[in-house]
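Residue numbers (the working numbering): 4 to 225. All C-beta atoms, glycine included, are put in the ideal place defined by N, C-alpha and C. Please read all numbers here as calculations on a predicted model, not as lab measurements. Taking it in order: structure first as structure tokens, then the write-up.
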């Protein structure tokens with residue numbers, strides 16, 4: 004029996020909020036596994052989530068239970084590496100992820116949300132700098148779907164997707180496997196035959212974000 008990502012969200016108890024854009028409505032069932040918000044409408048947000056999503060036997064939930072706030076507390080996300088200002092080199096993880104061998108329009112094809120989950124999992128695992136197919140990922144980077152393509156800052160990418168994450172190779176693999184992003188990707192591998200390999204590397208290079216421009220600077224006096 005085919006298992007889709009919508010049923011995965013419900014079974015895992017992972018309600019989500021998303022816009023009615025691209026393939027997001029294929030993943031989030033409005034009012035059942037999450038909340039779909041009209042693009043550009045901030046009126047419906049986390050505070051509007053129903054108390055009972057998915058299993059009707061679930062007790063009242065809170066936004067804190069719905070979302071993993073680990074990503075917002077990880078110091079690495081606010082470091083020089085995440086800003087994308089300069090090239091970063093060092094040891095880290097190399098993940099190569101691709102569509103299933105016999106992927107079609109409905110099954111086995113990677114979506115923008117899958118790449119987002121992978122990248123977010125690496126951030127929460129302690130990554131100091133991340134790139135996807137040579138594009139630096141920063142706090143301002145948009146990973147989106149455009150038809151059948153995945154774009155990073157509006158540049159279309161072609162699978163396989165090579166994700167480099169610089170960080171502590173002694174701890175990152177285990178932390179990634181335990182993260183919500185790592186579990187999401189493993190689910191895709193197990194149920195959709197998505198192909199992925201993860202290796203630790205002694206030396207990686209993540210390029211600077213060429214679109215970053217210095218707009219403000221202040222001289223600090225001693």
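Quick one: residues in its chain with C-beta nearer than 6 Å to the C-beta of residue 98, no 5 flanking neighbours on either side, listed in chain order? 166, 201
Taking the continuous alpha helix (DSSP H) assigned at residue 191, which residues delimit it? 183 to 195
Candidates 182, 206, 146: which alpha carbon is nearest residue 168's? 206
One question on the structure: do residue 146 and residue 186 come within less than 8 Å of each other, judged by their Cβ atoms? no
Pick from 170, 224, 223, 214: whose alpha carbon is nearest that of residue 88? 214
Does the beta-carbon distance from residue 137 to residue 174 come in below 8 Å? no
With DSSP collapsed to three states, give me the class of residue 180. helix
Tell me which same chain residues have a C-beta within less than 6 Å of the C-beta of residue 197, skipping the five on either side of it? 103, 191
If residue 209 and residue 133 are in contact, beta carbons under 8 Å, what's the gap, nearest whole angstrom? 7 Å
Alpha helix (DSSP H) segment containing residue 127, residue limits: 115 to 127
Could you check whether residue 124 and residue 182 sit closer than 8 Å to each other, using their CB atoms as the reference points? yes
Cβ shell of residue 158 (< 7 Å), same chain only, five flanking positions each side left out: 138
What are the boundary residues of the beta strand (DSSP E) that residue 147 is part of? 146 to 149
Using the Cα positions of residue 153 and residue 161, report the straight-line distance between them to the nearest angstrom. 8 Å
Going along the chain, which residues of its own chain have a beta-carbon closer than 6 Å to the beta-carbon of residue 100, five neighbours each way excluded? 164, 199
Top-ranked residue by Cα proximity to residue 127, from 204, 144, 180, 222: 180
Taking Cβ positions, are residue 150 and residue 114 nearer each other than 8 Å? no
Exposed or buried, residue 143, counting other C-beta atoms within 10 Å across all chains shown (16 or more means buried)? exposed
Please report the straight-line C-alpha distance between residue 105 and residue 178, rounded to a whole angstrom. 31 Å
Measuring alpha carbon to alpha carbon, tell me which of 38, 211, 39, 40 ends up nearest residue 140. 211
As a quick exercise: from 116, 225, 204, pick the residue whose alpha carbon is nearest that of residue 184. 116
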